[in-house]
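*Asks:*
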Amino acid sequence: MKIFCSRANPTTGSVEWLEEDEHYDYHQEIARSSYADMLHDKDRNIKYYQGIRAAVSRVKDRGQKALVLDIGTGTGLLSMMAVTAGADFCYAIEVFKPMADAAVKIVEKNGFSDKILVINKHSTEVTVGPEGDMPCRANILVTELFDTELIGEGALPSYEHAHRHLVEENCEAVPHRATIYAQLVESRRMWSWNKLFPIHLQTSLGEQVIVPPVDLENCPGAPSVCDIQLNQVSPADFTVLSDVLPMFSIDFSKQVSSSAACHSRQFEPLTSGRAQVVLSWWDIEMDPEGKIRCTTAPFWAHSDPEEMQWRDHWMQCVYFLPQEEPVVQGSALCLVAHHDDYCVWYSLQRTSPEKNERVHQMRPVCDCQAHLLWNRPRFGEINDQDRTDRYIQALSTLTSRNLLANWRKPCAEGARSPQVLKPDSVCLCVSDGSLLSVLAHHLGVEQVFTVESSAASHKLLRKIFKANHLEDKINIIEKRPELLTSEDLKSRKVSLLLGEPFFTTSLLPWHSLYFWYVRTAVDQHLGPGAVVMPQAASLHAVVVEFRDLWRIRSPCGDCEGFDVHIMDDMIKVSRATLRSPAHLLLPQAPFCSQRALDFRESREAEPHPLWEYPCRSLSEPRQILAFDFRQLVPPRPLCAEGTMELRRPGRSHAAVLWMEYHLTPECTLSTGLLEPADPEGGCCWNPHCKQAVYFFSPVLDPRAPLGGPQMVSYVVEFHPGTGDITMEFRLADTPDSPLLGNKVA
Numbered sequence: 062m063k064i065f066c067s068r069a070n071p072t073t074g075s076v077e078w079l080e081e082d083e084h085y086d087y088h089q090e091i092a093r094s095s096y097a098d099m100l101h102d103k104d105r106n107i108k109y110y111q112g113i114r115a116a117v118s119r120v121k122d123r124g125q126k127a128l129v130l131d132i133g134t135g136t137g138l139l140s141m142m143a144v145t146a147g148a149d150f151c152y153a154i155e156v157f158k159p160m161a162d163a164a165v166k167i168v169e170k171n172g173f174s175d176k177i178l179v180i181n182k183h184s185t186e187v188t189v190g191p192e193g194d195m196p197c198r199a200n201i202l203v204t205e206l207f208d209t210e211l212i213g214e215g216a217l218p219s220y221e222h223a224h225r226h227l228v229e230e231n232c233e234a235v236p237h238r239a240t241i242y243a244q245l246v247e248s249r250r251m252w253s254w255n256k257l258f259p260i261h262l263q264t265s266l267g268e269q270v271i272v273p274p275v276d277l278e279n280c281p282g283a284p285s286v287c288d289i290q291l292n293q294v295s296p297a298d299f300t301v302l303s304d305v306l307p308m309f310s311i312d313f314s315k316q317v318s319s320s321a322a323c324h325s326r327q328f329e330p331l332t333s334g335r336a337q338v339v340l341s342w343w344d345i346e347m348d349p350e351g352k353i354r355c356t357t358a359p360f361w362a363h364s365d366p367e368e369m370q371w372r373d374h375w376m377q378c379v380y381f382l383p384q385e386e387p388v389v390q391g392s393a394l395c396l397v398a399h400h401d402d403y404c405v406w407y408s409l410q411r412t413s414p415e416k417n418e419r420v421h422q423m424r425p426v427c428d429c430q431a432h433l434l435w436n437r438p439r440f441g442e443i444n445d446q447d448r449t450d451r452y453i454q455a456l457s458t459l460t461s462r463n464l465l466a467n468w469r470k471p472c473a474e475g476a477r478s479p480q481v482l483k484p485d486s487v488c489l490c491v492s493d494g495s496l497l498s499v500l501a502h503h504l505g506v507e508q509v510f511t512v513e514s515s516a517a518s519h520k521l522l523r524k525i526f527k528a529n530h531l532e533d534k535i536n537i538i539e540k541r542p543e544l545l546t547s548e549d550l551k552s553r554k555v556s557l558l559l560g561e562p563f564f565t566t567s568l569l570p571w572h573s574l575y576f577w578y579v580r581t582a583v584d585q586h587l588g589p590g591a592v593v594m595p596q597a598a599s600l601h602a603v604v605v606e607f608r609d610l611w612r613i614r615s616p617c618g619d620c621e622g623f624d625v626h627i628m629d630d631m632i633k634v635s636r637a638t639l640r641s642p643a644h645l646l647l648p649q650a651p652f653c654s655q656r657a658l659d660f661r662e663s664r665e666a667e668p669h670p671l672w673e674y675p676c677r678s679l680s681e682p683r684q685i686l687a688f689d690f691r692q693l694v695p696p697r698p699l700c701a702e703g704t705m706e707l708r709r710p711g712r713s714h715a716a717v718l719w720m721e722y723h724l725t726p727e728c729t730l731s732t733g734l735l736e737p738a739d740p741e742g743g744c745c746w747n748p749h750c751k752q753a754v755y756f757f758s759p760v761l762d763p764r765a766p767l768g769g770p771q772m773v774s775y776v777v778e779f780h781p782g783t784g785d786i787t788m789e790f791r792l793a794d795t796p797d798s799p800l801l802g803n804k805v806a
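At position 642 of the sequence shown (counting the first as 1) the number is 703 in my numbering, and the numbers step up by one without a gap.
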């Protein structure tokens, strides 16, 4: 059965209706899940297996049957471990139906169907009794309900319910205990992800400063945790102000409460500075003695940094204090960890909460609009002074105060010849929540309009303009740019169409080509000789070998002695089906031979912030497509094909793609590589942007031998009608080798 789904196209800005399989969302979730990453987490698997064996032994030593409740079973791996360890029976709970169906098949394939019952329900819906899902309560509770924040996936409510209704009092629990740790630091880099810094502009009239509104400075920030690969943050980017502090522990073998609470730890700052950020991670102990321990600690707090397990399903947490506060070395303070049923947050107190009745239990919520509009990388991007200086340099070439002849370069045939802007020129800015309109004003453009399609961006920019006494200088138009009328522009023709371009709807790098569609839509409002900035963009690619990220798409096969090939079949890409529409004829069912990654959305490139995921370039970067914003979106597709030579030995895991924006012929901004790779192929990626990753199929394990293909050939096509980009790769020495199809929409 087919259904129609609406989709907002982030490139063209239009709303599309697409025909999809009725189980389309299920397959998307499977394809984009972290199951492969978890199954590759050797440290996690071994520690759970050891903990389960120990728990089953303790129950057996008491002369009892070992009855296991496994909440969130996923593939059924932990349940199979329990039965192998000697458990008499296991109830495996999985609410997500495609995974529950997969677990049934995996359990059957491994010969455990007589001792494992997969129950497709949320654990809070499971019943106990003669007519229930379980005839009696379990005496061993096994769970893996944890996220980077530990409790963000609802672990506390699930444990609370399980202890009240599903397991015996003082049952064995694997894991037995969890402890959350924190460390206070000062970090201008990480603080720039949360606050707007003053922005300095050098103009012909001297230095101008864009200051943040007071309520933005006072705002506690976004309530959600910032989860990152903390090991990739340079120690030079932060100053440690405290020792590692154990903030609180949860004993999973006893009744757990999901009620809000706070826990304080007194400490003396190691050095004086400004407290801004709390770094946090957790350990889980699989046994009551704490001998079997799994940790997510970063390298400087790890007991054995050389043996650290890389993982992406559990990272580390960055929390921002509501306000930065000065601390003095040796002067005692209290760090307070607050939590409710799903979230953790921190505050710094001069005295312990028991003596300070003003400690706030409420979770911080943004009241300035900025944290609703700008995510953390976007804050960092706006605070990047070097990036701002590049825009100033580019804009300065257009003002009458800085006549630079080198702008007067030939345009493409049919394009208008740029003219130097005059003070009475008109500027139209069409990025979301951008401060380019302020830059244009300070550089001499007296009539400036900025289009903001959301109420949040409209409200935020109004505050920023007011704080800088610009509310009467810059006009905010609250509507979609395609709907602009001459009346909105006060019947003026636009001299400069300006964009970063940045749009909150963009996920993949080329989604910002929406700027091109906007430029086409507002063409009627551009005056003779109008300048478009950026004037062009280009799509670039490089073939890379990842140090670790390959694991999230690598087949699992055998996991700790259990056959999980069925899971691999669900998430791997079939080369043949990507080259033909034959997969559309397969039977439609929640779980069948139709593979999750064969669905169009799941074949899209995956956005990843590659500064967190080290890789080596095996080829030189290659420009794939060029887009000329000085002209309208063309009616016909843009096509490119070519080859990239693999110049360094390695395993070709993926192609990485990004956009570069050419503000002027002399000034380019990259959303990907910021400089040429080092001699070993090491890459320096833009830390404010996510790059697009196309994993080749099959994804090569580092244990695979080197050698093989020396060339990557590609065919890329941009479809103007839909804004889609389709792409196919060929990894081979000869042009007739099979395609490694990757398609992006």
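We put the CB at the ideal spot given by N, CA and C, even for glycine.
1) Are the CB atoms of E606 and G711 nearer to each other than 8 angstroms?
2) Could you check the C-alpha separation between R250 and D445 for me, to the nearest Å?
3) Pairing CB atoms from the stretch 516-533 with CB atoms from the stretch 544-563, are three or more of them under 8 angstroms?
4) DSSP three-state label for P589, please.
5) Which partner residues does P307 have in the DSSP bridge list?
6) Going by other Cβ atoms of all chains shown within 10 Å of its Cβ, with 16 needed for buried, is D131 buried or exposed?
7) Taking its Cβ as the centre, do 16 or more other Cβ atoms sit within 10 Å of L266, making it buried, or is it exposed?
8) Excluding the 5 residues preceding and the 5 following I537 in the sequence, name in chain order all residues of the same chain whose CB lies nearer than 7 angstroms to its CB.
9) Unbroken beta strand (DSSP E) runs of length 3 or more, entirely within the stretch 153-202: which are they?
10) In the DSSP assignment, the beta strand (DSSP E) including Q384 goes from what residue to what residue?
11) Grab the span of the alpha helix (DSSP H) containing P218 for me, first residue to last.
12) Quick one: is Q430 buried, meaning 16 or more other Cβ sit within 10 Å of its Cβ, or exposed?
13) Please state whether DSSP places H723 in a helix, a strand or coil.
14) Please report the straight-line C-alpha distance between C745 and C676, rounded to a whole angstrom.
15) Which class does E532 belong to by DSSP, given the choice of helix, strand or coil?
16) Does DSSP classify D402 as helix, strand or coil?
17) What did DSSP end up calling S567 once you bin it into helix, strand or coil?
18) Just mark L568 as buried or exposed, buried being the case when its beta carbon has 16 or more other beta carbons within 10 Å.
19) Is W577 buried or exposed, if buried means 16 or more other CB atoms sit within 10 Å of its CB?
20) Does the stretch 379-387 come within contact of the stretch 336-346, defined as at least 3 CB pairs closer than 8 angstroms?
21) When burial is assigned at 16 or more other CB atoms within 10 Å of the CB, is P479 buried or exposed?
22) Per DSSP, what are the beta-bridge partners of G282 in this structure?
23) Can you give the Cα-Cα distance for T729 and Q596, rounded to whole angstroms?
24) By Cβ distance, which residues of its chain are closer than 6 angstroms to G742, with the 5 residues on each side in sequence left out?
25) Within the stretch 480-550, note down every full beta strand (DSSP E) run reaching 3 residues or more, in order along the chain.
26) In the DSSP assignment, find the unbroken alpha helix (DSSP H) run with A455 in it and report its ends.
27) On the DSSP letters alone, give me the boundaries of the beta strand (DSSP E) that M788 sits inside.
28) Whose C-alpha, out of N255, I345, T356 and S219, is nearest the C-alpha of E186?
29) Just checking my contact of G560 with H749 at CB under 8 angstroms: how many whole Å lie between their CB atoms?
30) In the DSSP assignment, find the unbroken beta strand (DSSP E) run with I829 in it and report its ends.
31) Opposite P668 in the DSSP bridges: which residues?
32) Could you check where the beta strand (DSSP E) with D131 kicks off and where it finishes?
33) Look at the alpha carbon of A239 and the alpha carbon of P191, and state the distance between them as a whole number of angstroms.
34) Quick one: measure Cβ to Cβ for H101 and S615, integer angstroms, because I've assumed they're closer than 8 angstroms.
35) For a test of the three-state rule: what should DSSP assign to R114, helix, strand or coil?
36) Just confirm the distance between the C-beta atoms of P781 and P668, as a whole number of angstroms; I'd bet it's less than 8 angstroms.
*Replies:* According to the structure shown:
1) Here the question's residue 606 lines up with position 545 in the sequence shown. Here the question's residue 711 lines up with position 650 in the sequence shown. Yes, the Cβ-Cβ distance between E606 and G711 is below 8 angstroms.
2) By 1-based counting over the sequence shown, the position of residue 250 is 189. By 1-based counting over the sequence shown, the position of residue 445 is 384. Approximately 10 angstroms, taken between the alpha carbons.
3) no
4) Translated into positions along the sequence shown, residue 589 becomes position 528. Reduced to three states, the DSSP call for P589 is strand.
5) Indexing the sequence shown from 1 puts residue 307 at position 246. Looking at the DSSP assignment, P307 forms a beta bridge with Y242.
6) As a first step, residue 131 must be located in the sequence shown, where it is residue number 70. D131 comes out buried.
7) Locating residue 266 in the sequence shown gives position 205, counting from the first residue. Per the 10 Å Cβ criterion, exposed.
8) In the sequence shown, the residue the question calls residue 537 occupies position 476. If we look at I537 and ignore the five residues flanking it on each side, its Cβ neighbours are T511, E513, H519, L522 and R523.
9) 177-180
10) Within the sequence shown, residue 384 is the residue found at index 323, counting from 1. Per DSSP, Q384 belongs to the beta strand (DSSP E) from Q377 to V388.
11) Locating residue 218 in the sequence shown gives position 157, counting from the first residue. A216 to H226 is the extent of the alpha helix (DSSP H) around P218.
12) Locating residue 430 in the sequence shown gives position 369, where the first residue counts as 1. When all chains shown are included, Q430 counts as buried.
13) Residue mapping note: residue 723 aligns to position 662 of the sequence shown, counting from 1. Residue state, collapsed to three classes: strand.
14) Mapped onto the sequence shown, residue 745 falls at position 684. Mapped onto the sequence shown, residue 676 falls at position 615. Looking at the two C-alpha atoms, the distance is approximately 9 angstroms.
15) Locating residue 532 in the sequence shown gives position 471, counting from the first residue. Note: E532 maps to coil in three-state DSSP.
16) Along the sequence shown, read from residue 1 onward, the residue named residue 402 stands at position 341. D402 falls in the coil class under three-state DSSP.
17) For the purposes of this step, residue 567 is taken as residue 506 along the sequence shown, with counting starting at 1. Three-state result, S567: coil.
18) Taking the sequence shown and counting its residues from 1, one reaches residue 568 at position 507. Exposed.
19) Taking the sequence shown and counting its residues from 1, one reaches residue 577 at position 516. So W577 counts as buried.
20) yes
21) The residue given as residue 479 occupies position 418 in the sequence shown. Its pLDDT being 44, under 50, P479 is placed unreliably by the model, and nothing is read from it.
22) In the sequence shown, residue 282 corresponds to position 221, counting from 1. None, per the DSSP bridge assignment.
23) Position 668 of the sequence shown, counted from the start, is the residue given in the question as residue 729. Position 535 of the sequence shown, counted from the start, is the residue given in the question as residue 596. Their backbone Cα atoms lie some 10 angstroms apart in a straight line.
24) Residue mapping note: residue 742 aligns to position 681 of the sequence shown, counting from 1. Within the same chain, G742 has close Cβ partners R677, S678 and R709.
25) 487-490, 508-512 and 535-538
26) For the purposes of this step, residue 455 is taken as residue 394 along the sequence shown, with counting starting at 1. Q446 to S457 is the extent of the alpha helix (DSSP H) around A455.
27) Position 727 of the sequence shown, counting from 1, holds the residue named residue 788. Per DSSP, M788 belongs to the beta strand (DSSP E) from D785 to A793.
28) Taking the sequence shown and counting its residues from 1, one reaches residue 186 at position 125. Selected option, being the one with the closest Cα: S219.
29) Taking the first residue of the sequence shown as 1, we reach residue 560 at position 499. Taking the first residue of the sequence shown as 1, we reach residue 749 at position 688. Not confirmed; about 16 angstroms, so no contact.
30) An answer regarding residue 829 cannot be provided, because it is not within the stretch 62 to 806 covered by the chain.
31) Numbered from 1 along the sequence shown, position 607 holds the residue referred to as residue 668. Note: P668 sits in a beta bridge opposite A753.
32) Position 70 of the sequence shown holds residue 131. Element bounds for D131: L128 to I132.
33) Within the sequence shown, the letter at position 178 stands for residue 239. Within the sequence shown, the letter at position 130 stands for residue 191. Their backbone Cα atoms lie some 34 angstroms apart in a straight line.
34) The residue labelled residue 101 in the question sits at position 40 within the sequence shown. The residue labelled residue 615 in the question sits at position 554 within the sequence shown. Contact holds; Cβ gap of about 7 angstroms.
35) Stepping through the sequence shown from its first residue, residue 114 is reached at position 53. Correct three-state label for R114: helix.
36) Within the sequence shown, residue 781 is the residue found at index 720, counting from 1. Within the sequence shown, residue 668 is the residue found at index 607, counting from 1. Their Cβ separation, rounded to whole angstroms, is 22 angstroms, which puts P781 and P668 out of contact at 8 angstroms.
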